[in-house]
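Residue numbering for the sequence shown follows the working numbering, starting at 46 and increasing by one per position. Virtual Cβ for every residue (Gly too), placed ideally from N, Cα, C. Shown next, in structure tokens, is the structure this report addresses.
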Amino acid sequence: MRTLGIIVSMGLVALLSACSEKPQFLGSNKADAAAYTGAKNPYVEKGWNAGDKTSWEMQLRARAQNQNEYTKTE
């Protein structure tokens with residue numbers, strides 16, 4: 046009876062070991078670009094020009110202020 050339990054548990058371990066994660070690699074195929082270079086499509090925020098870092102920073106500040114609850118209640 047004990048040997049049957051050992052055989053069954055070894056079988057379960059063998060089955061579950063096949064369900065392991067895929068290997069994860071540190072490398073990437075995508076080259077990084079600056080965040081302010083942005084998307085080249087018509088759906089970008091008005092007042093922001095792709096590639097202009099100062100207008101990108103101003104849009105981030107404006108978005109943060111629009112999410113600030115203290116400025117919404119005043």
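Out of curiosity, what's the CA-to-CA distance linking alanine 78 and isoleucine 52?
54 Å
Can you tell me whether leucine 57 is helix, strand or coil according to DSSP?
helix
Identify whether asparagine 86 lies in helix, strand or coil by the three-state DSSP scheme.
coil
Would you mind sorting glutamine 104 into buried or exposed? The rule is 16 or more other CB atoms within 10 Å of its CB.
buried
Over the uninterrupted alpha helix (DSSP H) stretch that includes alanine 109, give me the two end residues.
98-111
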